[in-house]
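Residue numbers (my numbering): 138 to 301.
(1) Would you mind reading off the limits of the beta strand (DSSP E) that contains residue 251?
(2) Could you name the residues that DSSP lists as bridge partners for residue 159?
(3) Whole angstroms is fine: what's the gap from residue 258's alpha carbon to residue 272's?
(4) Are the CB atoms of residue 252 and residue 189 nearer to each other than 8 angstroms?
(5) Identify whether residue 256 lies in helix, strand or coil by the three-state DSSP scheme.
(6) Counting beta carbon pairs with one atom in the stretch 215 to 232 and one in the stretch 154 to 171, are three or more of them shorter than 8 angstroms?
(7) Among the residues of its own chain, which have a CB less than 8 angstroms from the CB of residue 285, if the five just before and after it don't count?
(8) Could you give the uninterrupted runs of the beta strand (DSSP E) lying entirely in the stretch 164 to 249, keeping only those of 3 residues or more?
(9) From residue 138 to residue 288, what distance separates their C-alpha atoms?
(10) From what residue to what residue does the alpha helix (DSSP H) around residue 266 run?
(11) Within 10 angstroms of the Cβ of residue 277, are there 16 or more other Cβ atoms? Answer buried if so, exposed if not.
(12) Let me know if residue 234 comes out buried or exposed under the rule of 16 or more other beta-carbons within 10 Å of its beta-carbon.
(13) What distance in whole Å lies between the Cβ atoms of residue 242 and residue 176, which are believed to be in contact at a cut-off of 8 angstroms?
(14) Around the Cβ of residue 181, are there at least 16 other Cβ atoms within 10 angstroms (buried) or fewer (exposed)?
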């Protein structure tokens with residue numbers, strides 16, 4: 138994992154408060170590692186104020202996503218790689234369904250960013266600056282959730298059945 142200090146900018150082009158960007162670079166394009174990192178980050182931040190984004194990737198040949206976990210409690214943003222396929226195909230599709238089930242159990246629902254907000258997932262912190270600024274703007278003050286305070290969820294039946 139790589140850690141960067143990111144200075145997001147506001148609408149006036151001025152820097153706002155500092156955020157620590159935690160990039161799980163080992164998860165880039167690798168479904169199993171991405172799912173493990175998502176699980177570990179959620180478990181570690183269960184009592185924190187979170188807002189989660191599902192972010193599309195630009196450099197893929199299919200519908201691929203990663204996740205941003207914006208942690209208001211620690212001013213950290215965890216970025217988990219683009220190993221999840223939204224079209225349901227292959228290992229990435231199974232990983233995407235597993236990620237949705239995991240988030241459902243924690244009682245949090247990620248906000249899906251629009252395709253025009255797609256980013257090239259990579260190892261450079263500057264790649265994420267615009268997407269992080271947009272994510273922080275969208276999250277605002279009132280949309281953060283504390284998973285520990287949510288009621289436990291049951292995994293939806295469709296997640297427990299194999300795709301045929």
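Here a beta-carbon is modelled for each residue, glycine too, at the ideal position from N, C-alpha and C.
Checking against the coordinates, here is how it stands:
(1) Counting along the chain, residue 251 falls outside any beta strand (DSSP E), and DSSP gives it neither H nor E.
(2) 140 and 215
(3) 15 angstroms
(4) no
(5) strand
(6) yes
(7) 183 and 184
(8) 187 to 193, 201 to 208 and 213 to 222
(9) 31 angstroms
(10) 266 to 276
(11) exposed
(12) buried
(13) Incorrect: roughly 10 angstroms between the Cβ atoms, too far for contact.
(14) exposed
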